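Numbering (the working numbering), first residue to last: 2 to 203. Inspection log for the structure reproduced underneath, given as structure tokens.
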Amino acid sequence: MFNYPQKFASSLKINLLSDSTNMDFQFSPDKATKTTKTVLIADEEPEVRDALSVAVRRWAQEEQRNLDTIMVENGQRAVDYIKQVKKQNSPPFLIILDLRMPNINGLETARLINKLCPEIPIIITASYDEIDEQLIQEADDFANQNSHIGFIVRTKSSPLLKVALEFEIRKLFSLQQEYEEENINLFFNLKGRLSNLLIKAF
């Protein structure tokens, strides 16, 4: 088995759920309703997509969130989906990408989506038996450089996928909330300063 060096120690290691169910979702941006947020999952292996979907749904149920999962089998379809929903101004709540996918890998997919919609949190997942050390390093670096990007390495001996995803989702959205609160505070500070200037002017 390939052993990852210590430089990847910051990446959370997880394993797939064994009780994943078969869930078939159509590739259509119209699937999500106004009251439902979507999580886009891209992975070429159906069993991995199912496991990720189960994990997300369990987390959503515990958090009492109304979430739906849209599943696609490669990075290109993920990019196409984002282009479609961007036109409708209905981006997904979260995107989960497998690192190793045909045509364009998960890292390149994340980069393309990040250019289209830089506000969407993305989690890149890598299989425990991924042997491309350079690709893993690049994905890890990309996640470290962007606060709304997460990177997870799956292993057979780690906690359940739901637990790891929950950790990563909470981390990403707590950072996003802090950023939004900072912008709100900045707005009200500027508004207050402008009001004072107007009062002095008249």
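Quick reminder that beta carbons are idealized off the backbone N, C-alpha and C, glycines included. All figures in this text were calculated on a predicted structure; none of them were measured in a lab.
Rounded to a whole number of angstroms, what is the C-alpha to C-alpha distance between Arg59 and Leu53?
10 Å
Given that a residue counts as buried once 16 or more other Cβ atoms are within 10 Å of its Cβ, and exposed if not, what is Glu169?
buried
Start and end of the alpha helix (DSSP H) containing Asp142?
134-146
Should Thr70 go down as buried or exposed, given a rule of 16 or more other Cβ atoms within 10 Å for buried?
buried
Per DSSP, Val40 is paired with what?
Per DSSP, the beta bridge partners of Val40 are Thr70, Leu95.
The beta strand (DSSP E) with Arg155 in it runs from where to where?
DSSP places Arg155 in the uninterrupted beta strand (DSSP E) bounded by 150-155.
Could you name the residues of the same chain whose beta carbon sits closer than 8 Å to that of Lys87, not counting the 5 residues immediately before and after it, in chain order?
Leu117, Cys118
Check for me: the alpha helix (DSSP H) holding Ile105 runs from which residue to which?
Run containing Ile105: none; DSSP gives neither H nor E here.
Identify the residues that DSSP records as bridge partners of Ile124: which are they?
Ile97, Gly151
The alpha helix (DSSP H) spanning Asp51 covers which residue range?
47-64
Helix, strand or coil for Asp81 per DSSP?
Note: Asp81 maps to helix in three-state DSSP.
Going by DSSP in three states, Asn75 sits in which element: helix, strand or coil?
coil
According to DSSP, simplified to helix, strand and coil, what is Asn90?
DSSP places Asn90 outside both helix and strand once states are collapsed to three, so it counts as coil.
In whole angstroms, what separates the C-alpha of Ile132 from that of Gln138?
11 Å
Among Ile42, Ile96, Lys84, Val80, which residue has its Cα nearest to the Cα of Ile121?
Ile96
Just the Cα atoms here: how many angstroms apart are Arg101 and Thr37?
29 Å
Give me the residue from Asn147, Ala56, His149, Asp99 with the minimum Cα distance to Glu74.
Asp99
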